[in-house]
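Residues in the sequence shown are numbered from 0 upward in steps of one, following numbering that gives the first Met the number 0. Reading through the structure tokens given below for one structure.
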Amino acid sequence: MSRKNTCDASRVPANGGIDAELSAYWHSIDWAGAELRVRQLRQRIFKAANAGDLKRVRNLQKLMLRSHANTLVSVKRVTQTSSGKATAGIDGERALNPRDRARLVRQISAESGLEVMPVKRVYIPKANGKVRPLGIPVIRDRVHQARVKNALEPEWEARFEARSYGFRPGRGCHDAIGFIFNVASKKASRRLWVLDADLAAAFDRINHERLMEAVGTFPGREAVERWLKAGVMDRGRFAPTEEGTPQGGVISPLLLNIALHGMATAIGADVDPTSRAGVRNPPPALVRYADDFAVFCATEEQAGKVRRQLGLWLAPKGLAFNDEKTRVVHVDDGFDFLGFNIRRYQGKLIIKPSRGAVEKARRKIKEIVRDGRGESVDSLIRQLNPFIKGWATYYRTVVSSEIFHNLDDYVFTALRRWGIAGHRNKSWRWIAHRYWGQFKSGSKDKWVFGDRRSGLHVHKFSWTRISRHVIVKGTSSKDDPMLTEYWAARNQKRGFPQADKKSHVWLAARQRGLCTQCGLDLVAGAEYEPDNVREWARWFEYGSRTLSVHQKTGAGAAGSAWKNLELLHAGCHRQLHAGSHENQNNCRPQRSA
């Protein structure tokens with residue numbers, strides 16, 4: 000199939016096309032070209048929204064909703080790069096191979112997206128022993144939601160407040176924590192009283208009418224409204240949905256952010272609180288990560304007033320505080336936010352992993368080692384390492400060194416018990432010699448748990464260096480075409496977690512986080528920007544499946560040298576070996592201003 004036709008919807012094999020044709024079509028797609036088309040169109044929507052040209056915004060959104068490149072990118076993200084790609088909705092359908100993905104492209108291209116199906120109710124355990132209900136749309140609806148999101152999100156990226164960090168491109172929890180440090184760490188800081196807020200089931204209670212008022216005349220409005228009203232199938236029983244948006248839908252986090260937009264304005268929050276740290280009676284400073292937020296105030300009375308103001312502002316939206324978890328606290332007494340503990344000790348602000356997060360980590364380590372009894376040492380190591388690396392990576396931006404070493408001791412004790420349980424007739428000296436040694440290259444540490452045959456070994460928490468995070472600047476958005484250089488520089492300076500030289504992460508850092516084949520972000524291409532312990536652990540665990548190491552000059556001694564290796568998206572690697580990148584530029588659009 001000619002490369003120049005792969006961005007044309009008419010070239011999708013018709014109904015009845017043989018499997019080989021469908022697979023060939025999927026592998027022949029110019030993904031860099033499709034991604035570039037979508038990115039440029041998002042930037043045009045953002046630019047028009049920023050200029051207040053609503054008519055142009057709506058026309059460009061219609062163009063995005065008709066875009067075949069948008070369909071391709073959306074199918075790929077839902078079925079290939081999403082962590083939930085293997086999760087089916089009520090119809091049991093998945094699309095985990097090239098043939099089925101090509102069929103899904105054909106199906107999506109031929110329908111309106113207005114015939115929605117109920118979501119499937121699933122329950123996942125929470126840290127407190129309770130369960131969180133999720134609503135999983137069918138895969139077809141998830142793709143349509145991804146398409147609509149690409150049209151709606153850039154409009155709102157031009158509006159969203161600077162201190163909103165959750166579920167937004169280029170932003171994350173480390174930005175929120177960094178902002179808190181900037182607000183409360185200075186000696187002259189006046190905002191030392193905190194409204195530590197928690198909303199009661201925010202996703203489940205959003206008022207549909209108020210949300211649709213905010214969505215306005217968006218051309219995909221009808222589809223959004225139908226998803227909200229799709230209903231839920233729970234253990235075979237259907238229930239209508241009169242409020243809320245399913246926590247599990249592709250577009251749901253964006254809809255939550257839209258519903259909560261304007262919170263800072265409602266309380267008169269300071270736009271740049273760090274510039275007025277020493278002012279006697281400063282306005283409050285708000286930091287929000289989706290439905291988790293904290294408000295820093297000058298007095299306890301001001302914090303109480305803010306709580307009342309927000310209670311009145313939230314009520315029409317169908318939302319309310321969880322009174323059991325919402326409190327006003329002084330920074331000297333400390334509070335937890337996004338798994339971090341923020342507290343001032345003798346005038347110095349210290350941010351570190353929360354006690355609950357550490358206890359949860361211990362339980363997870365204990366569970367992995369316990370379940371690993373009777374398994375091979377390699378299997379145990381492969382279970383432990385993603386969690387250890389993910390946890391350490393998430394907490395590497397704060398005061399974590401002591402906790403990292405304490406967790407290393409805990410892992411050692413757990414593995415010591417594992418070794419003794421597996422070799423009851425052997426001495427500790429024999430067990431130690433078999434499983435512990437100087438496995439890490441360049442390190443004199445002789446107490447590293449590993450497999451002498453394979454060289455595979457357990458990563459230590461303390462091997463991850465503490466690295467200060469630089470928060471995203473103001474209202475900066477990845478959709479802003481004027482900030483392309485800013486985001487490129489930020490991506491290059493991004494602090495990849497420290498790792499052994501022979502690792503995906505080392506190669507990713509050397510390549511400035513970009514796939515050398517398509518030029519797109521490796522982390523985003525592997526899945527999306529990891530933003531919590533679970534996501535980082537999953538990134539390390541599935542890195543070998545979603546990313547591939549390529550030898551630039553072939554096999555042999557020279558071919559396997561690390562300077563001759565590069566890291567690619569697995570899909571780009573398959574296309575490279577299939578020869579499908581030879582004429583890639585034939586379909587790639589020219590960059591526009």
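A virtual CB, placed ideally from N, CA and C, is assigned to each residue, including glycine.
In chain order, what residues of the same chain lie with their CB nearer than 8 Å to the CB of R55, ignoring the 5 residues before and after it?
The answer, listed in chain order, is A47.
Alpha carbon to alpha carbon, how far is E154 from F45? Give it in angstroms, no decimals.
5 Å
Report the rounded CA-to-CA distance for G441 versus K459, giving the unit in angstroms.
Looking at the two C-alpha atoms, the distance is approximately 14 Å.
Is the beta carbon of I364 sitting closer than 7 Å to the one on V457?
no
Taking DSSP as the reference, what is the three-state secondary structure of E565?
strand
Decide if the stretch 241-251 is in contact with the stretch 118-137; the criterion is three or more beta carbon pairs, one per stretch, under 8 Å apart.
Counting Cβ pairs under 8 Å, three or more are found: they touch.
Can you check which of these residues, N384, H549, D408, is closest to A536 by C-alpha distance?
The closest CA to that of A536, considering only N384, H549, D408, is found on N384.
When burial is assigned at 16 or more other CB atoms within 10 Å of the CB, is A413 buried or exposed?
buried
Pick out whichever of K119, R158, N69, Q510 has its Cα sitting closest to the Cα of V231.
K119
Determine the DSSP secondary structure at W535, reduced to helix, strand or coil.
Three-state DSSP puts W535 in a helix.
Which value, in whole angstroms, describes the spacing of the CA atoms of R76 and S108?
CA-to-CA, the gap between R76 and S108 works out to about 16 Å.
Inspect the beta-carbon positions of R343 and D335 and report whether they are closer than 7 Å.
no
Starting from Q301, follow the alpha helix (DSSP H) in both directions and report where the run begins and ends.
299-313
Assigned secondary structure, D99 (DSSP; H/G/I helix, E/B strand, else coil):
When DSSP states are grouped into helix, strand and coil, D99 belongs to the helix group.
Please state whether the Cβ-Cβ distance between A284 and V182 is less than 7 Å.
yes
Looking at C-alpha atoms only, which residue of E358, V294, A87, E92 is the closest neighbour of R189?
V294
Please report how far the alpha carbon of A525 lies from the alpha carbon of N69, in whole angstroms.
With a pLDDT of 41 at A525, under the threshold of 50, the modelled position of this residue cannot be trusted; read the value that follows with caution. A525 and N69 have their alpha carbons spaced roughly 18 Å apart.
Hey, does E156 have any beta-carbon neighbour from chain C nearer than 7 Å?
In the displayed structure, chain C is absent; only one protein chain is listed.
Complete beta strand (DSSP E) runs within the stretch 64-135 (minimum length 3 residues, chain order)
118-124, 130-135
Cβ-Cβ separation, D197 to F320 (assumed contact under 8 Å), whole Å
7 Å
Enumerate in chain order the residues of its own chain whose CB-to-CB distance from F411 is below 8 Å, with the five nearest sequence positions on each side excluded.
W446, F448
Based on Cα-Cα distance, which residue from V548, E484, L259 lies nearest to L313?
L259
What residues match up with N340 in a beta bridge as DSSP calls it?
D335, K351
For V37, report the span of its alpha helix (DSSP H) as first-last.
30-49
Measuring alpha carbon to alpha carbon, tell me which of Q144, S461, S353 ends up nearest D444.
S461
Given 8 Å, three or more beta-carbon pairs between the stretch 158-177 and the stretch 79-94
no
Alpha-carbon to alpha-carbon, I470 and N280
Going by C-alpha positions, N280 is about 26 Å away from I470.
For F448: DSSP bridge partner residues
In the DSSP assignment, F448 is bridged to W435.
Would you grab the beta carbon distance between V72 and V37 for me? Rounded to a whole angstrom, and I think it's under 8 Å.
5 Å
Buried/exposed call for R372, threshold 16 Cβ in 10 Å
exposed
State buried or exposed for E366, treating a residue as buried only when at least 16 other CB atoms are found within 10 Å of its CB.
exposed
For the putative contact between G346 and K185, defined by C-beta atoms under 8 Å, what is the C-beta separation to the nearest angstrom?
Actually they do not touch by this definition, with Cβ atoms about 10 Å apart.
Residues that DSSP places opposite R287 in a beta bridge
DSSP lists S163, F292 as partners of R287.
Following a CB-centred definition, is H456 positioned closer than 6 Å to any heavy atom of the ligand FMN?
Summarising the ligand content, the structure contains no ligands, and the ligand FMN is consequently not present.
With distance defined between alpha-carbon atoms, name the residue in K84, L64, A87 nearest to V147.
L64
Tell me the DSSP bridge mates of W192?
Listed as beta-bridge partners of W192 by DSSP are C296, H329.
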